[in-house]
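Please read the structure below before turning to the comments.
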Amino acid sequence: MALWKVLLMVIALICALHTTSVHGGRETVVGYPAPRPAPYRSTGCPKGSKCDPPAEELKKKRSLPNRKMKLLRLHVAAALLALAAATTAGAVTYQVNNQALSTAGRRAEYGAVYAEQVLAAASSFTWSIFKQTSPANRRSVDTVVLAVRDVDGIAFTSGNTITLGAGYVADITGNDFKTQVTGVLYHEVVHVWQWGLQDYAAHSWVYEGIADFVRLRAGYIAAGWVQPGQGNSWEDSYSVTARFFDYCDGVEPGFVADMNGKLEDGYNVDYFVQITGKTVQQLWQDYKAKYGN
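Here's what the structure looks like:
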């Protein structure tokens, strides 16, 4: 059921509940004043006569509004449950699985609960960069999984599963441990949500550049990243491409969101012209000139 329909249903039931409580369960006639039923008169009538209603009848009449009130409350409760289900239907769950013994000493510093919070925050930030405010505009992913394993390298993503190298985690030194791991997770979360990964093998630079662009905008710049204007080509990937995309996003705000949307159909170099009005070669020349490189 659509969320707006559930909201309307809840509002209608609350209004009905209010009407019943005010008018004692009687149907309200809109437009003309509702006729009032003649009251029972006990003055001057012998007790138990026909002018007084039987006690059992009075009991039934008094209990009827209460029964209707209880029934409506049940309906409202059910509607609110439906509303809660509707609002969480597009929610994403996050799971962390750390089976690597080499990271045992780091679990207290970067535990599963904190990692889940980072995955959720990184997803929300990525959606904002991609301008994907509705689940309907995103890749269909219900669960994002982080697995810490004894594998070579820093991290990689396959589908909705991010694998973080235990050796990389164990070798991090200094006080910026959380910052480094968080930056890596932001980068990998982008791969979960970005479009067009069917073209990754042929044009990996554009996908890695977008992932590092999101990491850059989130403020998790890694040590060793190039400075703005550095690099030999826009296809150098990672931080070189991320810095270039940051420039392109300044030329045309929302550039990365538009590029990601177009990548759903695979990469095409014409996307640069379609988004900015300039070829990628022109943009790269302007970018290098801006920083004197």
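Take the sequence shown: its letters are residues -24 to -1, 1 to 269, numbered as in mature numbering (1 follows the signal peptide of the UniProt record, and there is no 0). Backbone N, C-alpha and C fix where the C-beta goes; we use that ideal spot for every residue, glycine too.
Query - residue 124 at chain C interface by Cβ criterion, 8 Å - result: As a matter of chain content, chain C is missing from the structure shown, which is built from one protein chain.
Query raised in the report: Which partner residues does residue 141 have in the DSSP bridge list?
Result: 125
**Report entry** residue 131: first and last residue of the uninterrupted alpha helix (DSSP H) it sits in
**Finding:** It is not in any alpha helix (DSSP H) - residue 131 instead sits in the beta strand (DSSP E) that spans 131 to 134.
Report task. Consult DSSP for residue 70 and reduce its assignment to one of helix, strand or coil. Result -> strand
Query - Backbone secondary structure at residue 255 - three-state DSSP - result: coil
Report task. Alpha carbon to alpha carbon, how far is residue 209 from residue 141? Give it in angstroms, no decimals. Result -> 29 Å
**Report entry** Environment of residue 116 [buried if 16+ CB atoms lie within 10 Å]
**Finding:** exposed
**Report entry** Bridge partner(s) assigned by DSSP for residue 119
**Finding:** 69
Report task. Go ahead and label residue 174 buried or exposed: buried means 16 or more other beta carbons lie within 10 angstroms of its beta carbon, across all protein chains shown. Result -> exposed
**Report entry** Under 8 Å between C-beta atoms of residue 120 and residue 190
**Finding:** no
Query raised in the report: Should the segment 123 to 136 be called in touch with the segment 97 to 111, which here means at least 3 C-beta pairs below 8 Å?
Result: no
Requested in this report: Could you tell me if residue 147 is buried or exposed, where buried requires 16 or more neighbouring beta carbons within 10 angstroms of its beta carbon?
Outcome: exposed
**Report entry** Rounded Cβ spacing between residue 167 and residue 133 (contact assumed at less than 8 Å)
**Finding:** 4 Å
Query raised in the report: Since residue 93 is in the alpha helix (DSSP H), which residue starts that stretch and which ends it?
Result: 88 to 106
Query raised in the report: residue 213 and residue 181 look like a contact to me (Cβ under 8 Å); what is the Cβ gap, rounded to whole Å?
Result: 4 Å
Requested in this report: Would you give the residue range spanned by the alpha helix (DSSP H) that residue 183 belongs to?
Outcome: 180 to 194
Query raised in the report: Which of helix, strand or coil does DSSP assign to residue 159?
Result: helix
Query raised in the report: Taking C-beta to C-beta, are residue 193 and residue 105 nearer than 8 Å?
Result: yes
Query raised in the report: Quick check: the segment 243 to 263 against the segment 219 to 226, are there 3 or more CB pairs under 8 Å?
Result: yes
Query - Close Cβ partners of residue 202 (< 7 Å) along its chain, the five nearest in sequence each way excluded - result: 215, 216, 219
Report task. Flag this pair as yes or no: are the beta carbons of residue 240 and residue 171 separated by less than 8 Å? Result -> yes
Report task. Would you decide whether residue 236 is buried or exposed? Buried here means 16 or more other CB atoms lie within 10 Å of its CB. Result -> buried
Query raised in the report: Do you know offhand how far residue 161's Cα is from residue 254's?
Result: 33 Å
Query raised in the report: What is the DSSP secondary structure of residue 150, counted as helix, strand or coil?
Result: coil
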